[in-house]
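As you go down the protein sequences, you meet chains H and P in turn.
Be aware that the first sequence starts at 1, since it is given in my numbering, and climbs by one per residue.
Be aware that the second sequence starts at 1, since it is given in my numbering, and climbs by one per residue.
Worksheet: the structure to be examined is printed underneath.
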Amino acid sequence: MSAVSMAGALNRALADSLAADPSVLVFGEDVGPLGGVFRVTDGLAARFGEERVFDTPLAESGIVGTAIGMAMNGLRPVVEMQFDAFAYPAFEQITSHLAKLRNRTRGQVSLPVVIRVPYGGGIGGVEHHCDSSEAYYTHTPGLRVVTPGTPDDAYRLLRDSIASPDPVIFLEPKRRYWAKGELSADSADSADSVAFDRALVRRTGRDVTLIAYGPMVATALETADAAAEEGWDVEVVDLRSLSPFDDETVCASVRRTGRAVVVHEASGFGGYGAEVVARVTERCFHHLHAPVLRVTGFDIPYPPPKLEEHHLPSVDRILDAIARLQWDDEVVGGHGA
Amino acid sequence: MARTRAPERTLLPSDEPLSLLRKDGSPVDDSPLAMPDDDVLVELYRRMVVGRRFDTQATSLTKQGRLAVYPSSHGQEACEVGSVLALRPTDWLFPTYRDSVALVTRGVDPAETLTLLQGGWHLGYDPYEHRVGPQCTPLATNTLHAVGFAHAARLKGEDTAALVLLGDGATSEGDTHEALNFAGVWHAPVVFLVQNNGYAISVPMSKQNAAPSLAHKGIGYGVPSVLVDGNDVAAVYAVVREAVLSGGPTLIEALTYRIEAHTNADDATRYRTSDEVAAWLDRDPVDRLETYLTSRGLLDNARRAAIAAEAEEFAASVRAKMNVDVEPSPDDLFEHVYATMPRHLREQAAALREELA
Chain H
1 MSAVSMAGAL NRALADSLAA DPSVLVFGED VGPLGGVFRV TDGLAARFGE ERVFDTPLAE
61 SGIVGTAIGM AMNGLRPVVE MQFDAFAYPA FEQITSHLAK LRNRTRGQVS LPVVIRVPYG
121 GGIGGVEHHC DSSEAYYTHT PGLRVVTPGT PDDAYRLLRD SIASPDPVIF LEPKRRYWAK
181 GELSADSADS ADSVAFDRAL VRRTGRDVTL IAYGPMVATA LETADAAAEE GWDVEVVDLR
241 SLSPFDDETV CASVRRTGRA VVVHEASGFG GYGAEVVARV TERCFHHLHA PVLRVTGFDI
301 PYPPPKLEEH HLPSVDRILD AIARLQWDDE VVGGHGA
Chain P
1 MARTRAPERT LLPSDEPLSL LRKDGSPVDD SPLAMPDDDV LVELYRRMVV GRRFDTQATS
61 LTKQGRLAVY PSSHGQEACE VGSVLALRPT DWLFPTYRDS VALVTRGVDP AETLTLLQGG
121 WHLGYDPYEH RVGPQCTPLA TNTLHAVGFA HAARLKGEDT AALVLLGDGA TSEGDTHEAL
181 NFAGVWHAPV VFLVQNNGYA ISVPMSKQNA APSLAHKGIG YGVPSVLVDG NDVAAVYAVV
241 REAVLSGGPT LIEALTYRIE AHTNADDATR YRTSDEVAAW LDRDPVDRLE TYLTSRGLLD
301 NARRAAIAAE AEEFAASVRA KMNVDVEPSP DDLFEHVYAT MPRHLREQAA ALREELA
């Protein structure tokens, strides 16, 4: 298979879903003839017609609210929020209706809606274009929240999200849109792929588990390479599904390594990583040789482009965290044992 | 997308509310609206009488502790009943929490209608059974659901209109404006019926809106708008029927009044006078139609008594159903959060079961 960018993989997933299921619709701001500001919907309106792939008025609550009505009437809308922070006007529709309607109606109303949200920083974007808003969604029961770290996963996760009977917040790491990777041979057949609510071990290692997702998967893998030079054998777990959370895969890894660092771009306080640390600690306490650490963005509004490098978790900052995992207090196992 | 809107049709509402029956029950001679057929008028009367009795019964149930709360629509029966009976069986209704009478009129079981307020679950009925969306508590959010639903129907080639109910306060919410705009752009078959009952809980129209009327807001979205006497059920039926059959969006403002407080927990004397309430009692929608039907020879004492008896019987059945203690299962808490219960919820459900064992 040829190498494809994440944006290209997402485009292919949308096209394949539109082709496979006539009830799938794609709509949002600029997703029609323009193909989206990141070109993820490029060519879809021309191929599938503007009744199925169309531009809407510029109103995010309207986009999600009408998607709910369409899903109630048997369609499968895939809508785009142009940027993370621009999704906030839709927050009430997402949290009060999209997430709750199945539960309110005891399963009589199913809302298979996918909300695609380009998120995160690292692209030199100005204010309101770089938020990591995952915790707002993961704190809302009834939503599935997924985020791919590679082009191959972007394809698989989006196909699975569109096929899911549950509403899915699909977070696309915009800084990785143009990173290329191979699509695996079975990508077109998502039934053969790993379930979309399971985490994946991206790299095996003996000494410490790096837990990452979305834009930080590549950073974690880069860190693992650098750590190898320092003598640490690092395992990298890509969460993929932030909600539900795959305790099994994550905890199995931490039990093997005895040490863990959670990495995300979002602010740390009340952030997603706090939940991961709590769950790992609750389930793996007797296997841990050190507290589970977090490397996150600072607890500040997202910085302007010329300062964002200080905010984003870097390889060096993650290596520093690994170094602080109490290697000197070694009792059993782990690094150097 | 083809536009079916007649170009000559004005987007602005009339200066005075459209009506067919004056407050004394005499017919309006020069109304542009068509008077509904006699059998429809009698049916509108019957459903209003039954609906009002249901409403009174529900309020009583709050006093007996059978309902946590009940928002009454006493005084708004012309809107609740007239709009719903104007729908075709294939059309959909998107109601709010104040529209229990509309639900009952549509055929939803009264006990299922009151499930939310009884506290057993958030919703008691299957929306697909009677084509009634979930009663919406957050204001105006249902307007967008209606637009999406109706647009989807058009995409699927189905002749389905959506009627969304909202109040005067809800017209200040952003979703109302987004929904009107989407409906205008998509030419979606949606009827927005604003029941302007004068107050958003306690806040009067003067603090809610500076436009000449709420119906005037339609023109900004290219949506034809109608101002109607909301206590004239014949007129409400006529304008909603026309809007449903138009194939596109319509904004209707119905001028009415909430005779009771916002809910049983509210004290309306803190924000309005008894004189004002008395003036609206004088415009009662049920009395008005009753006078007209009687003068036309369409309603005699025997028929009136029969309808009153039917309403009492209905209220008795509601009492009987609501006096049964409901004990929802704690398992329900986890069952329908997702299509398939994820592991963490299976664990939490098991933990709760163990705690209760």
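A virtual CB, placed ideally from N, CA and C, is assigned to each residue, including glycine.
Bridge partner(s) assigned by DSSP for residue i
{"i": "Pro118 (chain H)", "result": "H:Glu172"}
{"i": "Val277 (chain P)", "result": "Beta-bridge pairing links Val277 (chain P) to no other residue."}
{"i": "Arg294 (chain H)", "result": "H:Val262"}
{"i": "Gly167 (chain P)", "result": "P:Gln195"}
{"i": "Ser225 (chain P)", "result": "P:Leu251"}
{"i": "Phe94 (chain P)", "result": "P:Val164"}
{"i": "Pro285 (chain P)", "result": "Partner(s): none; Pro285 (chain P) has no beta bridge."}
Closest Cα partner of residue i within the set the options
{"i": "Leu155 (chain P)", "options": "H:Val277, H:Gly49, H:Glu80", "result": "H:Gly49"}
{"i": "Ala146 (chain P)", "options": "P:Gly124, P:Thr137, P:Leu93, P:Gly120", "result": "P:Leu93"}
{"i": "Pro151 (chain H)", "options": "H:Arg279, H:Val40, H:Asp328", "result": "H:Val40"}
{"i": "Val280 (chain H)", "options": "H:Glu80, H:Ile300, H:Arg102, H:Ile211", "result": "H:Ile211"}
{"i": "Asp331 (chain P)", "options": "H:Arg106, H:Phe86, H:Met72, H:Ala13", "result": "H:Arg106"}
{"i": "Lys207 (chain P)", "options": "P:Met322, P:Tyr128, P:Tyr271", "result": "P:Tyr271"}
{"i": "Gln195 (chain P)", "options": "P:Gly220, P:Asp15, P:Gly119, P:Thr96", "result": "P:Thr96"}
{"i": "Ala153 (chain P)", "options": "H:Ile322, H:Pro244, H:Leu307, H:Ser23", "result": "H:Ser23"}
{"i": "Tyr221 (chain P)", "options": "P:Leu139, P:Glu178, P:Thr115, P:Ala350", "result": "P:Glu178"}
{"i": "Asn103 (chain H)", "options": "H:Ala266, H:Pro141, H:Gly120", "result": "H:Pro141"}
{"i": "Ala195 (chain H)", "options": "H:Gly120, H:Leu239, H:Arg255", "result": "H:Leu239"}
{"i": "Glu248 (chain H)", "options": "P:Leu255, P:Ser213, P:Arg343", "result": "P:Arg343"}
{"i": "Ala349 (chain P)", "options": "P:Ala357, P:Leu333, P:Thr340", "result": "P:Leu333"}
{"i": "Val254 (chain H)", "options": "H:Glu235, H:Ala266, H:Pro173, H:Asn11", "result": "H:Glu235"}
{"i": "Pro32 (chain P)", "options": "P:Ser83, P:Val236, P:Pro71", "result": "P:Val236"}
Contact under 8 Å by Cβ, residue i with residue j
{"i": "Val108 (chain P)", "j": "Phe54 (chain P)", "result": "no"}
{"i": "Thr257 (chain H)", "j": "Asp328 (chain H)", "result": "no"}
{"i": "Thr141 (chain P)", "j": "Glu92 (chain H)", "result": "yes"}
{"i": "Val190 (chain P)", "j": "Gly169 (chain P)", "result": "no"}
{"i": "Val277 (chain H)", "j": "Val295 (chain H)", "result": "no"}
{"i": "Pro167 (chain H)", "j": "Leu98 (chain H)", "result": "yes"}
{"i": "Leu123 (chain P)", "j": "Pro134 (chain P)", "result": "yes"}
{"i": "Asn264 (chain P)", "j": "Thr62 (chain P)", "result": "yes"}
{"i": "Thr209 (chain H)", "j": "Arg259 (chain H)", "result": "yes"}
{"i": "Ala234 (chain P)", "j": "Leu20 (chain P)", "result": "yes"}
{"i": "Thr56 (chain H)", "j": "Gly74 (chain H)", "result": "no"}
{"i": "Ala161 (chain P)", "j": "Asp91 (chain P)", "result": "yes"}
{"i": "Gly268 (chain H)", "j": "Asp225 (chain H)", "result": "no"}
For residue i, three-class secondary structure by DSSP
{"i": "Ala191 (chain H)", "result": "Residue confidence is low: Ala191 (chain H) scores 45 on pLDDT, short of 50, so the model does not pin down where it sits. No coordinate-derived value is stated."}
{"i": "Lys180 (chain H)", "result": "strand"}
{"i": "Glu312 (chain P)", "result": "helix"}
{"i": "Ser339 (chain H)", "result": "This structure leaves residue 339 (chain H) out entirely; chain H is present only between 1 and 337."}
{"i": "Gly28 (chain H)", "result": "strand"}
{"i": "Asp55 (chain H)", "result": "strand"}
{"i": "Arg343 (chain P)", "result": "helix"}
{"i": "Val79 (chain H)", "result": "strand"}
{"i": "Thr256 (chain P)", "result": "coil"}
{"i": "Val234 (chain H)", "result": "strand"}
{"i": "Pro204 (chain P)", "result": "strand"}
{"i": "Cys136 (chain P)", "result": "strand"}
{"i": "Ala199 (chain H)", "result": "coil"}
{"i": "Pro151 (chain H)", "result": "helix"}
{"i": "Gln348 (chain P)", "result": "helix"}
{"i": "Thr62 (chain P)", "result": "helix"}
{"i": "Ser295 (chain P)", "result": "helix"}
{"i": "Thr209 (chain H)", "result": "strand"}
Spatial distance of residue i from residue j (CA atoms)
{"i": "Ile115 (chain H)", "j": "Trp280 (chain P)", "result": "47 Å"}
{"i": "Asp37 (chain P)", "j": "Leu345 (chain P)", "result": "55 Å"}
{"i": "Gln57 (chain P)", "j": "Val326 (chain P)", "result": "18 Å"}
{"i": "Asp192 (chain H)", "j": "Ser329 (chain P)", "result": "With a pLDDT of 48 at Asp192 (chain H), under the threshold of 50, the modelled position of this residue cannot be trusted, and the question is left open."}
{"i": "Lys180 (chain H)", "j": "Ser110 (chain H)", "result": "35 Å"}
{"i": "Asp300 (chain P)", "j": "Ile307 (chain P)", "result": "11 Å"}
{"i": "Gly120 (chain P)", "j": "Asn323 (chain P)", "result": "13 Å"}
{"i": "Thr368 (chain P)", "j": "Val201 (chain H)", "result": "Nothing can be reported for residue 368 (chain P), as the shown portion of chain P is limited to 1 through 357."}
{"i": "Val261 (chain H)", "j": "Pro148 (chain H)", "result": "19 Å"}
{"i": "Val42 (chain P)", "j": "Leu18 (chain P)", "result": "21 Å"}
{"i": "Ile68 (chain H)", "j": "Gly62 (chain H)", "result": "10 Å"}
{"i": "Gly32 (chain H)", "j": "Asp42 (chain H)", "result": "8 Å"}
{"i": "Lys23 (chain P)", "j": "Thr256 (chain P)", "result": "12 Å"}
{"i": "Asp160 (chain H)", "j": "Val117 (chain H)", "result": "16 Å"}
Residue i Cβ short of 7 Å to the ligand FAD heavy atom set
{"i": "Thr291 (chain P)", "result": "Among the components of this structure there are no ligands whatsoever, and the ligand FAD is therefore not found."}
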